[in-house]
Amino acid sequence: MLKNFLRIERNLPLLRWLYTGYKKLMDKTLCGCLVHAKRKFHEAYEVNRSNEYAKQGETYLRKLFCLEDKADESGLTLEMRLEMRKNESKQVLDEFYSWISQIESKILPKSLMWKAITYAINQKEYLENFLKDARIQLSNNLAEQSVKPFVIGRSNWLFANTPNGANASTLIYSIIQSAILNNLIPQKYLTFIFDTIQSGGDASLLVPWSDEIPESCKNKKS
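Note that this note's numbering has the sequence shown beginning at 1, numbered continuously upward.
Here you go:
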């Protein structure tokens, strides 16, 4: 099902979080989310502010995001960003895992700190994959933010208790989220689409990134 549903180019990286079903996909590079890894160290530190290990672990991972911010500010090309990652980011990540190997035996089992380093160790293969392709984001926050409205309101989506209902909600949310990502105002965009259909026009080509979308549907703030 996933093979048919996820229309992903061959060899294009796929960012995901812990869902083991994705491991069944062939010819895909699975990538871990460094925000989730960093958050676990942060949670351990919040519980005990004197926990220097937790603070150090979060600091290591924060450095990776700082490097990405600098790359954004400098307007690096994908080639330049990849070179930066292979040199600077890889060094930080190597130091991070070397540090973990030194302190692992000192951590109390089942503690928040133990869970943080266990997660980092178990996800190492996936967390390192951003070093292979500059298009890979360090976190899947954008994807999670996109599905958050649906998750929050799922108790209201009782019509999706059948395959047809699920397909309908998937279609609607895909259109709305695509409109948002293309800087459109969803309500105005949908109104334009419905008006086009009602007047007998062909709406099949009016995808959110189409040049045919009128300016009135676009968000002027961005």
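Beta carbons are placed, not taken as given, at the ideal position from N, Cα and C, and that holds for glycine. None of the values given here were measured: they were computed from a predicted structure.
Within the segment 126-173, the runs of alpha helix (DSSP H) at least 4 residues long that lie entirely inside it are, in chain order, 141-152.
By a beta-carbon distance limit of 8 Å, ARG85 contacts ALA134. Their separation comes to about 7 Å.
Contact between ILE121 and ILE100 holds, with the beta-carbon distance rounding to 7 Å and staying under 8 Å. Taken through DSSP and simplified to helix, strand or coil, CYS33 comes out as coil. Taking C-beta separations shorter than 8 Å and ignoring five residues to either side along the sequence, the partners of PHE96 in its chain run GLY57, TYR60, LEU61, ALA120, following chain order.
C-alpha of GLU144 to C-alpha of PHE192: approximately 28 Å in a straight line.
Nearest to GLN177 by C-alpha distance, out of ALA166, VAL207, ILE197, ASP202, is VAL207. One alpha carbon belongs to MET113, the other to VAL35, and they sit about 16 Å apart.
Bridge partners of LYS218 according to DSSP: LEU184. Note that the segment 75-89 touches the segment 122-141; at least 3 beta-carbon pairs, one per stretch, sit closer than 8 Å. Between the C-alpha atoms of GLU128 and LEU76 there is a straight-line separation of about 20 Å. In the DSSP annotation of this structure, the continuous segment of the alpha helix (DSSP H) that includes SER101 starts and ends at 90-103. Out of GLU73, PHE65, PRO109, GLU52, the CA that lies nearest to the CA of LYS90 is found in PHE65.
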